[in-house]
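Okay, so here's the structure we're looking at.
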């Protein structure tokens, strides 16, 4: 009798284990995607993307009529109108609002001089943001740009590959020394702290930004990222940002990163070196196409012919 | 009877459970056998490069010779070392002198490789014949390039770079749009599109036979970062899980890579190339089948069969052996920042605008008489002996 119970118990346990394992495999999608990698660490391989407005501004902000605005009829910032570079795009140019991803008191602790520079950066966004020139995005910005990125998780290395500009970085879990120079993407050394991937990033230059709002750093930047699975298809991404030349103390941002669940998802070309040539060099053409110089001013021609029969213009006249 | 059924079911369930556990969580028990990843795939990871100089095509003088002996390689290296041309200068300040600025000091001179050509098929080590349409394309492209060169000293002197062209006044064709999307250096700088992909920081192409590559694997994915030199590089993702390529309306500069394991070999099928990428004249119709095999701890064999029925009359195959590179020594090799520091391209454009203004004001030569497209033809450098360059 005892023997029979034991057999029954073993059978029941085994059946349950088998069923659970099979169903976990089924539920997680296209092909088997175990929750753990072969070395027992959380399996974070795959295509991921944030779903937020952090790249517009890490801090909480209201929606704006465009990435570039200019004074309307009122003197208030909240009553500005879309500026010429984006006006032609209508509502497609609107910048969405956000509650912000800065933790704690929601403030970025700039020194007084750095705060002034941030304000100036924001005012000259089109000329200064390295994203517009298709420069390497740096860390942490690469993570929360609004495009998918892929994690290729091996045992000693984790490769993170970003859609934007085909940028990439290798996270060394085997403690490779940093490069003998600074870098746009920094030098990433990772370790697993329980189920959290902790990445210590150093060796930055001072050329990348943190968002499109002019938030910036110096070459003293030190970033510590923490990637923690909160479900099979979501990670918590927490970043501590330290830079004694720019900030009075370290500060933290946090956001979820979501798995792209389309069975056929893949990173596709984002050839922005090619696509930004007109933006960067258009005024140097022999025959100018879209932009040209007038003295020390860049002029971008956004005049366009409206096709006949467009109701809006028929109604409202010209 | 019921008990036996129960026992049988139990055995099956236990086996299933063990298999499932082994698949899902072999934590701690993962023993990484030599040449395999922790999850059991062949391990191709590391930094790799071909350390030897081997020309793509076999030079005519080695027509019936597939491989060099060790003695021949040593002798070729001895001869090549004698002609490094570190100090070679021509008329100081001339265009020709400037073109030689990248002398041997700036170049990686590799030891002579085992084989006389990278091409192993066709067996003569030569590229197969172009199709008639590819010949026509190449000729149309060449005629346009020669027209843009025809007022230069290069053509006046009859340099190799002007072969098939003539010397004369600036051609009216200088005002034409190139016959095909340009990827090489035109002798014109009307806009960025006239300059080469190298000058535009987009030089990389697939297949790639030089440079360094870092391979990182995960179950279902092989990633390769290619460092192709000149501060340029790109990140490739090979998907192993899904066999089907995207529809042909999707174009990728480096194609779309789908792989699978055949024993210890990673076999990758690459299609969906872009009309903006050019590999020896092949563009969106390029089709590659690559075979990556770790043959020993320090060697990765790479073979690729290259096919484009609109370009070559038959497929051809290249094979090379890459050697594992030291991680510490190569830690600088993975940030392509050519574009971020590309002062050359705007300088080429704005310099040409200045020359045009000077010429218009009667203060300088017609920019059309200057050569910014060729290095005046090769005169046989260090790799002339092995046929490369």
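Residue numbers (my numbering), protein chains in the order written: chain S, 1 to 318; chain Y, 1001 to 1389. C-beta atoms are modelled at their ideal positions from N, C-alpha and C, and glycine is treated no differently.
Among Y:1126, Y:1185, Y:1326 and Y:1240, which has the Cα closest to the Cα of residue 1059 (chain Y)? In the second chain, counting from the first residue as 1, residue 1059 (chain Y) sits at position 59. Nearest of Y:1126, Y:1185, Y:1326 and Y:1240 to residue 1059 (chain Y), Cα basis: Y:1126.
Since residue 179 (chain S) and residue 187 (chain S) are thought to touch, with beta carbons under 8 Å apart, how far apart are those beta carbons, to the nearest angstrom? Taking the first chain and counting its residues from 1, the one referred to as residue 179 (chain S) is at position 179. Taking the first chain and counting its residues from 1, the one referred to as residue 187 (chain S) is at position 187. Going by Cβ atoms, the distance from residue 179 (chain S) to residue 187 (chain S) rounds to 6 Å, so yes, they are a contact pair.
At the 7 Å Cβ level, is residue 1048 (chain Y) part of the contact set with chain S, yes or no? Reading the second chain from its first residue, position 48 is the one you call residue 1048 (chain Y). So no, residue 1048 (chain Y) is outside the interface.
Counting along the chain, where does the alpha helix (DSSP H) carrying residue 315 (chain S) start and finish? Here residue 315 (chain S) corresponds to residue number 315 of the first chain, with the count starting at 1. Start and end: 311-316.
Candidates Y:1142, Y:1327, Y:1209 and Y:1322: which alpha carbon is nearest residue 173 (chain S)'s? Counting from 1 along the first chain, the entry for residue 173 (chain S) is found at position 173. The option with the nearest alpha carbon to residue 173 (chain S) is Y:1327.
Check whether chain Y comes within 7 Å of residue 38 (chain S), counting only Cβ atoms and requiring the distance to be less than that. On the first chain, residue 38 (chain S) is found 38 positions in, with the first residue counted as 1. Closer than 7 Å to some Cβ of chain Y, the Cβ of residue 38 (chain S) qualifies, so yes.
Segment limits, beta strand (DSSP E) that includes residue 1359 (chain Y): Along the second chain, read from residue 1 onward, the residue named residue 1359 (chain Y) stands at position 359. Premise fails: residue 1359 (chain Y) lies in the alpha helix (DSSP H), 1344-1360, not in any beta strand (DSSP E).
Which listed residue (Y:1147, Y:1183 and Y:1162) has its alpha carbon closest to that of residue 1276 (chain Y): As a first step, residue 1276 (chain Y) is located in the second chain; it is residue number 276 there, counting from the start. Per the Cα distances, Y:1183.
Distance between residue 304 (chain S) and residue 1209 (chain Y) (C-alpha atoms, nearest Å): Here residue 1209 (chain Y) corresponds to residue number 209 of the second chain, with the count starting at 1. Here residue 304 (chain S) corresponds to residue number 304 of the first chain, with the count starting at 1. Each residue's alpha carbon lies about 46 Å from the other.
What span of residues does the alpha helix (DSSP H) with residue 1138 (chain Y) cover, start to end? To locate residue 1138 (chain Y), count along the second chain from 1; it is residue 138. Unbroken alpha helix (DSSP H) run through residue 1138 (chain Y): 1132-1149.
Assigned secondary structure, residue 303 (chain S) (DSSP; H/G/I helix, E/B strand, else coil): Within the first chain, numbered from 1, the residue matching residue 303 (chain S) stands at position 303. Coil at residue 303 (chain S), not helix or strand.
Contacting residues, own chain, Cβ-Cβ under 8 Å from residue 93 (chain S) (five flanking each side not counted): Within the first chain, numbered from 1, the residue matching residue 93 (chain S) stands at position 93. Around residue 93 (chain S): 65, 66, 67, 82, 86 and 87.
Can you list, in chain order, the residues of its chain with a C-beta nearer than 8 Å to that of residue 63 (chain S)? Leave out the 5 residues immediately preceding and following it. As a position in the first chain, residue 63 (chain S) is number 63, starting the count at 1. Correct list, in chain order: 94, 95, 96 and 97.
Proximity to residue 1223 (chain Y) [Cα-Cα], best of S:154, S:138 and S:231: Here residue 1223 (chain Y) refers to the residue found at position 223 when the second chain is read from its first residue. Of S:154, S:138 and S:231, the residue nearest in Cα terms is S:154.
With distances taken between CB atoms, is the gap from residue 145 (chain S) to residue 43 (chain S) smaller than 7 Å? Counted from its first residue, the first chain places residue 145 (chain S) at position 145. Counted from its first residue, the first chain places residue 43 (chain S) at position 43. No, Cβ-Cβ distance for residue 145 (chain S) and residue 43 (chain S) is not below 7 Å.
Residue of Y:1316, Y:1149 and Y:1263 minimising C-alpha distance to residue 1286 (chain Y): Indexing the second chain from 1 puts residue 1286 (chain Y) at position 286. Residue 1286 (chain Y) has its Cα closest to that of Y:1316, out of Y:1316, Y:1149 and Y:1263.
What number of angstroms, rounded off, separates the C-alpha of residue 1031 (chain Y) from the C-alpha of residue 38 (chain S)? Along the second chain, one-based indexing puts residue 1031 (chain Y) at 31. Along the first chain, one-based indexing puts residue 38 (chain S) at 38. Note on residue 1031 (chain Y): pLDDT 42, under 50, position unreliable in the model; no value is reported.
Could you tell me which residues DSSP puts in a beta bridge with residue 197 (chain S)? Position 197 of the first chain, counted from the first residue, corresponds to residue 197 (chain S). According to DSSP, residue 197 (chain S) bridges with S:192 and S:227.
Hey, how far is the Cα of residue 1017 (chain Y) from the Cα of residue 1039 (chain Y)? Residue numbering aside, residue 1017 (chain Y) sits at position 17 when the second chain is read from its first letter. Residue numbering aside, residue 1039 (chain Y) sits at position 39 when the second chain is read from its first letter. Reliability fails at residue 1017 (chain Y), whose pLDDT of 48 lies under 50, so the model's placement of it is uncertain and no value is given.
Give a yes or no on whether 7 Å exceeds the smallest Cβ distance from residue 49 (chain S) to chain Y. For this step, residue 49 (chain S) is matched to residue 49 along the first chain. No, no contact with chain Y.
Helix, strand or coil at residue 54 (chain S) according to DSSP, with G and I counted as helix: Sequence index remark: in the first chain, residue 54 (chain S) carries index 54 (1-based). The answer is coil: DSSP assigns residue 54 (chain S) none of H, G, I, E or B.
Beta-ladder partner(s) of residue 1040 (chain Y), from DSSP: Numbered from 1 along the second chain, position 40 holds the residue referred to as residue 1040 (chain Y). Residue 1040 (chain Y) is not bridged to any residue.
Coarse secondary structure for residue 273 (chain S), derived from DSSP in three states: In the first chain, the residue the question calls residue 273 (chain S) occupies position 273. It is helical.
Assign residue 1059 (chain Y) to one of three DSSP states: helix, strand, or coil. Here residue 1059 (chain Y) refers to the residue found at position 59 of the second chain. If DSSP states are grouped into helix, strand and coil, residue 1059 (chain Y) belongs with coil.
Please report the residue range of the alpha helix (DSSP H) in which residue 86 (chain S) lies. By 1-based counting over the first chain, the position of residue 86 (chain S) is 86. Its alpha helix (DSSP H) spans residues 84-87.
Where residue 169 (chain S) falls, given that 16 or more other Cβ within 10 Å makes a residue buried: Position 169 of the first chain holds residue 169 (chain S). It is buried - the Cβ of residue 169 (chain S) has at least 16 other Cβ atoms within 10 Å.
Under the three-state DSSP convention, the category residue 291 (chain S) falls into: Taking the first chain and counting its residues from 1, the one referred to as residue 291 (chain S) is at position 291. It is a strand residue.
For residue 49 (chain S), which residues of its own chain have a beta-carbon under 8 Å away from its beta-carbon, when the five flanking residues on both sides are left out? Here residue 49 (chain S) refers to the residue found at position 49 when the first chain is read from its first residue. If we look at residue 49 (chain S) and ignore the five residues flanking it on each side, its Cβ neighbours are 146, 147, 148, 149, 257, 258 and 260.
Determine the closest residue to residue 1338 (chain Y) out of S:273, S:125, S:234 and S:298, with distance taken between C-alpha atoms. Here residue 1338 (chain Y) corresponds to residue number 338 of the second chain, with the count starting at 1. Checked all of S:273, S:125, S:234 and S:298; the closest Cα to residue 1338 (chain Y) is S:273.
With a cut-off of 7 Å, does the C-beta of residue 1225 (chain Y) fall near any C-beta of chain S? By 1-based counting over the second chain, the position of residue 1225 (chain Y) is 225. Output row for residue 1225 (chain Y): interface = yes.
In whole angstroms, give me the CA-to-CA distance for residue 1167 (chain Y) and residue 1146 (chain Y). The count along the second chain starts at 1 and reaches residue 1167 (chain Y) at position 167. The count along the second chain starts at 1 and reaches residue 1146 (chain Y) at position 146. Between residue 1167 (chain Y) and residue 1146 (chain Y), the C-alpha separation is close to 9 Å.
Residue-level contact to chain S via CB, residue 1340 (chain Y), 7 Å cutoff: Reading the second chain from its first residue, position 340 is the one you call residue 1340 (chain Y). Yes, residue 1340 (chain Y) counts as interfacial toward chain S.
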